[in-house]
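Colleague: Residue numbers (the numbering used here): 4 to 596.
C-beta: ideal position from N, C-alpha, C; glycine also.
The structure displayed is predicted, hence computed values, not measured ones.
This is the structure, below, for whatever I ask next.
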């Protein structure tokens, strides 16, 4: 038994060391690298002169390369380039780069000519046909002005061979463009054309997430018989060069942590889709592209063909994705959010959290309500585990007596302990159930607070303005009482602002965990092992301090509920507990005074 406890403690300590090491040596440097790259990109974009070698133009210079149509919706603002008829200039209303409402809006798409260009385009291809509209073709405005909900625009382009292209673009109040392409054959010979779409990103984004549990890169739901989710992270994408699929319907695009650009074909149409990486020989820039084309269609003289597709360009808000899934029949569109391999658990948890938010209007309160529901659902198994824990605590005097009695005979000690367990109907393994239950929940909640945009910049109360970020306070400046930033300290600023950044909520969690640990049995442990178990809550404080504060709020509230359950169970079995001991000592001192 002592060996089992020793192994358990060694495993727990090694696990914590691995988590801490990964956080400090991998995730920390990744986050700093991403921040530096983003800052450098902002400087380049803001200061590059118009005469700079492409693709390093400023935004105004890049936008000036083509006449444009303004986009203005409740969620989007930007423009469409008439050269190439590209959607290549887009910002997201309601989402800012930082917590400050005066900070710039989040940029989704940027025109070619700028560093890290990112845009969506579509067109037609055909064998032995010349003059088809391409990236450099200039379309004209046939009707419409500013593109907004209920006010579409129509573009036109004609080839010397007698093909007349008309493109009607609608946009809704959220993030979906509907593109209706019509090709009329006004020539004297039949032609065969095939429609295609493309989402292209030049070089890696400067705003990539530091967390390794977030998917960014190519994404789509494709398949001939069954729609399957396909994800290719940038690193793997670059290494493999790409992938190809055939699909009936589905969707395909490029995703960031919170935003996505994806095309959706007619769901009854068979397409050839691919994700590929090429290198521009002139600039040596890697071009990441997701594209698909439909089957060719013959257009006789005097006839026409029509292709309708949709382009999603916006924030991956779950209710919005679910809405398009229902209204447009887009398969598994909510899987644009990276739910992880425990999606069957993460999705329902988020749905419940969103339900509570709709009724209380604060995600922090919704987290508290979610915690109660999870504890109610897991109550039967957890309660059985707590009951076993209390029974273990109750028989500890007898266990200690057996250990002393058979101090030099481990085999006999083990035999008598098993007999004691059988007589008292105690199963030590059952006592581990509360801990085991929390492992999948921990993963799902970590995913939820990391990948769902609903948590981004969501406030709670007081100093908590972003539930997806860690607690902004730190004990290193007495939680803000000392006017200095520990992260800026010479030599040790990285450590103080990183691993040692422990805020109010991590401290509250540590206190609740220490109380819960003190109420748990520590059977068969020597003094050194008991000291290590008491030290565990402090270690977890530093570990969880690096996670989102929303997760800390959940675990603190959950730990308090655990303490209540343990206390009631101990009172039921008449077992001594530290809470009653504290109040008894307090009353004794008060009476003595």
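Out of 401, 544, 152, 371, which one is the CA nearest neighbour of residue 563?
Modeller: On the chain shown, residue 563 is found 560 positions in, with the first residue counted as 1. If we check each option's Cα against that of residue 563, 371 comes out closest.
Colleague: Considering only residues of the same chain and omitting the five flanking positions on each side of residue 301, which have a CB-CB separation below 7 angstroms?
Modeller: Locating residue 301 in the chain shown gives position 298, counting from the first residue. Excluding residues within five positions, the ones whose Cβ falls inside 7 angstroms are 193, 195.
Colleague: Whole angstroms are fine: how far does the CA of residue 159 sit from the CA of residue 166?
Modeller: Here residue 166 corresponds to residue number 163 of the chain shown, with the count starting at 1. Here residue 159 corresponds to residue number 156 of the chain shown, with the count starting at 1. Taking the straight line joining both Cα atoms gives about 11 angstroms.
Colleague: Cutting at 7 angstroms between CB atoms, please list the residues of its own chain near residue 304, excluding the five before and the five after it.
Modeller: Here residue 304 refers to the residue found at position 301 of the chain shown. Once the five neighbours on either side are set aside, the close Cβ partners of residue 304 are 188, 190, 191, 192, 193.
Colleague: Once you ignore the five residues that flank residue 555 on each side, which residues in its own chain have a CB closer than 7 angstroms to its CB?
Modeller: Position 552 of the chain shown, counted from the first residue, corresponds to residue 555. So the qualifying residues of the chain are 474, 508, 509, 512, 547.
Colleague: Report, in whole angstroms, the separation of the C-beta atoms of residue 142 and residue 66, which I expect to be a contact under 8 angstroms.
Modeller: Indexing the chain shown from 1 puts residue 142 at position 139. Indexing the chain shown from 1 puts residue 66 at position 63. About 16 angstroms separates the two Cβ atoms, so there is no contact after all.
Colleague: Following the continuous beta strand (DSSP E) through residue 188, name the residue where it begins and the one where it ends.
Modeller: Taking the chain shown and counting its residues from 1, one reaches residue 188 at position 185. Unbroken beta strand (DSSP E) run through residue 188: 179-188.
Colleague: Express the C-alpha separation of residue 251 and residue 109 in angstroms, rounding to a whole number.
Modeller: On the chain shown, residue 109 is found 106 positions in, with the first residue counted as 1. On the chain shown, residue 251 is found 248 positions in, with the first residue counted as 1. So the alpha carbons of these two residues sit roughly 33 angstroms apart.
Colleague: Does the distance from the CB of residue 458 to the CB of residue 586 come in under 8 angstroms?
Modeller: In the chain shown, counting from the first residue as 1, residue 458 sits at position 455. In the chain shown, counting from the first residue as 1, residue 586 sits at position 583. No.
Colleague: Just reading off the beta strand (DSSP E) that residue 310 is part of, what are its end residues?
Modeller: Taking the first residue of the chain shown as position 1, residue 310 is located at position 307. Here the beta strand (DSSP E) through residue 310 covers 307-318.
Colleague: With a threshold of 16 other CB atoms inside 10 Å of the CB of residue 49, please say whether the residue is buried or exposed.
Modeller: The count along the chain shown starts at 1 and reaches residue 49 at position 46. The predicted model places residue 49 with a pLDDT of 32, which falls under 50 and marks its position as unreliable, so this point remains unresolved.
Colleague: Compute the beta-carbon to beta-carbon distance between residue 114 and residue 92, rounded to the nearest angstrom, for a pair I have assumed lies under 8 angstroms.
Modeller: If you number the chain shown from 1, residue 114 lands on position 111. If you number the chain shown from 1, residue 92 lands on position 89. Going by Cβ atoms, the distance from residue 114 to residue 92 rounds to 6 angstroms, so yes, they are a contact pair.
Colleague: Determine the direct distance from the alpha carbon of residue 553 to that of residue 464, and round the result to whole angstroms.
Modeller: Here residue 464 corresponds to residue number 461 of the chain shown, with the count starting at 1. Here residue 553 corresponds to residue number 550 of the chain shown, with the count starting at 1. If I take the Cα positions, the gap works out to 12 angstroms.
Colleague: Report yes if the C-beta distance between residue 151 and residue 174 is below 8 angstroms; otherwise report no.
Modeller: Along the chain shown, read from residue 1 onward, the residue named residue 151 stands at position 148. Along the chain shown, read from residue 1 onward, the residue named residue 174 stands at position 171. Closer than 8 angstroms, so yes.
Colleague: If residue 277 sits next to residue 244, beta carbons under 8 angstroms apart, how far is it from one beta carbon to the other, in whole angstroms?
Modeller: The sequence position of residue 277 within the chain shown is 274, counting from 1. The sequence position of residue 244 within the chain shown is 241, counting from 1. Contact doesn't hold; Cβ gap of about 10 angstroms is too wide.
Colleague: Any contact between the segment 309-324 and the segment 256-271? By contact I mean 3 or more CB pairs, one from each, below 8 angstroms.
Modeller: Yes, since at least three Cβ pairs between the segment 309-324 and the segment 256-271 fall closer than 8 angstroms, the two stretches touch.
Colleague: One question on the structure: do residue 484 and residue 440 come within less than 8 angstroms of each other, judged by their Cβ atoms?
Modeller: The residue you call residue 484 lines up with position 481 of the chain shown. The residue you call residue 440 lines up with position 437 of the chain shown. No; because the gap between Cβ atoms is not below 8 angstroms, this pair is not in contact.
Colleague: If you draw a straight line from the alpha carbon of residue 148 to that of residue 545, how long is it in whole angstroms?
Modeller: Taking the chain shown and counting its residues from 1, one reaches residue 148 at position 145. Taking the chain shown and counting its residues from 1, one reaches residue 545 at position 542. Whole-angstrom Cα-Cα distance: 56 angstroms.
Colleague: Going by DSSP in three states, residue 174 sits in which element: helix, strand or coil?
Modeller: What you label residue 174 is simply residue 171 of the chain shown in a count that begins at 1. Strand, per DSSP.
Colleague: Ignore the nearest five residues each way along the sequence and tell me which others in residue 289's own chain have a CB closer than 7 angstroms to its CB.
Modeller: If you number the chain shown from 1, residue 289 lands on position 286. Result list for residue 289: 206, 241, 280, 282, in chain order.
Colleague: Using 10 angstroms around the beta-carbon of residue 130, count the other beta-carbons present and answer buried if the total reaches 16, otherwise exposed.
Modeller: Sequence index remark: in the chain shown, residue 130 carries index 127 (1-based). The residue is exposed, with fewer than 16 neighbouring Cβ atoms inside 10 Å.
Colleague: Which residue comes first and which comes last in the beta strand (DSSP E) that contains residue 263?
Modeller: The residue given as residue 263 occupies position 260 in the chain shown. Element bounds for residue 263: 262-267.
Colleague: Express the C-alpha separation of residue 565 and residue 414 in angstroms, rounding to a whole number.
Modeller: Within the chain shown, the letter at position 411 stands for residue 414. Within the chain shown, the letter at position 562 stands for residue 565. So the two alpha carbons sit approximately 35 angstroms from each other.
Colleague: Would the segment 445-454 and the segment 211-226 be scored as touching if the rule is three or more Cβ pairs under 8 angstroms?
Modeller: Because the criterion of three Cβ pairs below 8 angstroms is met, the segment 445-454 and the segment 211-226 touch.
Colleague: Nearest CA to the CA of residue 577: which residue from 398, 310, 420, 479?
Modeller: As a first step, residue 577 is located in the chain shown; it is residue number 574 there, counting from the start. The shortest C-alpha separation from residue 577 is found at 398.
Colleague: Between which two residues does the beta strand (DSSP E) holding residue 231 run?
Modeller: Within the chain shown, residue 231 is the residue found at index 228, counting from 1. Taken as a continuous stretch (DSSP letters only), the beta strand (DSSP E) holding residue 231 covers 231-236.
Colleague: I need the boundaries of the alpha helix (DSSP H) containing residue 508, first residue and last residue.
Modeller: Numbered from 1 along the chain shown, position 505 holds the residue referred to as residue 508. Here the alpha helix (DSSP H) through residue 508 covers 507-521.
Colleague: According to DSSP, which residues form a beta bridge with residue 155?
Modeller: Here the question's residue 155 lines up with position 152 in the chain shown. Answer by DSSP bridge pairing: none, since residue 155 is not bridged.
Colleague: Are there 16 or more other CB atoms within 10 angstroms of the CB of residue 125, so buried, or fewer, so exposed?
Modeller: Residue 125 sits at position 122 when you count from the first residue of the chain shown. Buried is the call here.
Colleague: For residue 2, which residues of its own chain have a beta-carbon under 6 angstroms away from its beta-carbon, when the five flanking residues on both sides are left out?
Modeller: Examination of residue 2 is not possible in this model, given that the chain is present from 4 through 596 alone.
Colleague: Helix, strand or coil for residue 246 per DSSP?
Modeller: The count along the chain shown starts at 1 and reaches residue 246 at position 243. Looking at residue 246 - three-state DSSP - the assignment turns out to be strand.
Colleague: Based on Cα-Cα distance, which residue from 180, 102, 135, 163 lies nearest to residue 157?
Modeller: Residue numbering aside, residue 157 sits at position 154 when the chain shown is read from its first letter. Of the listed residues, the one whose Cα sits closest to residue 157 is 180.
Colleague: Are three or more beta carbon pairs between the segment 224-235 and the segment 332-344 nearer than 8 angstroms?
Modeller: Yes, the segment 224-235 is in contact with the segment 332-344.
Colleague: In terms of residues, what are the limits of the alpha helix (DSSP H) holding residue 353?
Modeller: For the purposes of this step, residue 353 is taken as residue 350 along the chain shown, with counting starting at 1. Taken as a continuous stretch (DSSP letters only), the alpha helix (DSSP H) holding residue 353 covers 346-363.
Colleague: Counting only runs of 3+ residues fully inside the segment 115-165, write out the beta strand (DSSP E) ranges in chain order.
Modeller: Entirely contained in the segment 115-165, the beta strand (DSSP E) runs reaching 3 residues are, in chain order, 121-128, 143-146, 156-161.
Colleague: So what's residue 419 in DSSP terms, helix, strand or just coil?
Modeller: Counting from one through the chain shown, the residue named residue 419 turns up at place 416. DSSP places residue 419 in helix when its eight states are reduced to three.
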